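Here is the structure we will look at.
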Amino acid sequence: MLNYNQRYENEVVNLWNKTLTADPITVFKFRKQALFDDNFDIDLCYIAIENDCVVGFVLATKRKFPYLERGLEPTLGWINVLFVDENYRRKGIGEALVKHAEVTLKSMGAETITLGAYSPNYFFPGVDKENYSDALNFFEEMGYQAGKESYSMSKDLHGYKMSRETLNKLFKAQEAGFSFVNFEYKYALELLEFLKDEFGGGWKRNALISMQNNTAQDCILIVLNLEGKIVGFCMRMIDGNPMRFGPFGIKGEVRNYGIGGILFDIMQLEMEKRGIYHMYFVSTDVPGRRFYERHGLKVFRTFIDYQKKI
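First residue of the sequence shown? That's 1 in this note's numbering, and the numbers climb one at a time after it.
Below is the structure:
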């Protein structure tokens, strides 16, 4: 077992694509989300070598820099990704990689380890229940406890039209004083404050990056109340992919007006107008799944949260 060295970069990425077949990756994406993450630590990234070939890899993370209002999260650690060549499995390689990561994380003060779900640069929101079912047994045998499920969902938008029901709801919402508009930079500071106060710094960060990249007017929709104040928001393309939807949220005090469903349907129409004929997002919970299923989305991946006290 060796600490990561860039001379193995292509071998690591090739083995990733050979083993994590539901999540192929490029060298560019590997560098961007792993090596160039602020908290990347070579002492938490290991490769296993057999017969002069890379046969296993693990990346773990412990925060060195504060993340928004979460700060350093000093008692938390993450195992971001693990894979072993299928020809070398059941030889203790994966177990050795994980144990080495656990020992190092514990020496750095971690008390709980989460699989995936590392913000902001996670590869997976948990362990894929169908595509990597062997990993469920592996991690459970190593003492990781299963938690809640989350869901990736998607929809084909070819020929999308707003339903008569949504159009009626839109008319009633407009009568009640709500406006559904594309983002303009005159709303920038109010929107950033709204997102921070209502949903946290991560949401603010997503919108801020979109504003910095000058894509916000194309990718963000907002809802205004009768007084012209922002009470709802949704966006897409947080990772540069125009098809990716989210985040999406409505101020608590106005959720019983049905404006969330209206806003979501407007976003689908705006995407269809732009020739974006597929919508997807990476993770939602059970209530979220029910909401999106009512709007025609289907689950295409199911993830399970896993944690371990060390």
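Virtual Cβ for every residue (Gly too), placed ideally from N, Cα, C.
Since this is a predicted model, take the numbers as computed values, not measurements.
Within 10 Å of its beta-carbon, does CYS53 have 16 or more other beta-carbons around it, so buried, or fewer, so exposed? Exposed: under 16 other Cβ atoms inside 10 Å.
Would you be able to state if there are at least three C-beta pairs under 8 angstroms between the segment 262 to 278 and the segment 234 to 245? Output reads yes: the segment 262 to 278 touches the segment 234 to 245.
Do ILE113 and GLY56 have their beta-carbon atoms positioned less than 8 angstroms apart in this structure? Not closer than 8 angstroms, so no.
When DSSP labels each residue in this structure, what does LYS91 get in the three-state scheme? Secondary structure of LYS91 (DSSP, three-state): coil.
Is the segment 292 to 305 in contact with the segment 193 to 213, if contact means three or more CB pairs nearer than 8 angstroms? These segments do not touch.
So who's on the other strand from GLU50, going by DSSP bridges? CYS53.
Candidates ASN168, LYS148, PHE178 and GLU175, of which the one nearest PRO287 by Cα: Closest by alpha carbon: LYS148.
Three-state class that DSSP yields for ASP156 in the structure shown: ASP156 sits in a strand when the DSSP states are folded into three classes.
With a threshold of 16 other CB atoms inside 10 Å of the CB of VAL127, please say whether the residue is buried or exposed. In this structure VAL127 is buried. Its beta-carbon is surrounded by 16 or more other beta-carbon atoms within 10 angstroms.
Which residue spans inside the segment 101 to 167 form an unbroken alpha helix (DSSP H) run of at least 4? If only uninterrupted alpha helix (DSSP H) runs of at least 4 residues are considered, those enclosed by the segment 101 to 167 are 133 to 141.
If you count every other CB in all the chains shown that lies within 10 Å of the CB of THR284, and 16 or more means buried, which is it? Counting other Cβ atoms within 10 Å of its Cβ, THR284 reaches 16 or more and is therefore classed as buried.
Apart from the five residues on each side of it in sequence, which residues of its chain come closer than 8 angstroms, Cβ to Cβ, to ARG90? Excluding sequence neighbours, ARG90 sits near nothing in its chain.
To the nearest angstrom, how far is the alpha carbon of VAL12 from that of CYS219? If you draw a straight line from the Cα of VAL12 to the Cα of CYS219, it is about 34 angstroms long.
Beta-carbon proximity list for PRO242, same chain, < 7 angstroms, skipping 5 on both sides: ARG236 and ILE276.
Use the C-beta contact count for MET153: other C-beta atoms within 10 angstroms, 16 or more gives buried, fewer gives exposed. Residue environment for MET153: buried (at least 16 other C-beta atoms within 10 angstroms of its C-beta).
Output yes or no for whether 8 angstroms exceeds the beta carbon distance between THR19 and VAL84. Going by C-beta atoms, THR19 is nearer than 8 angstroms to VAL84.
Taking the straight line between their C-alpha atoms, what separation do you get for GLU253 and LEU191? Near 17 angstroms, if we compare the C-alpha coordinates of LEU191 and GLU253.
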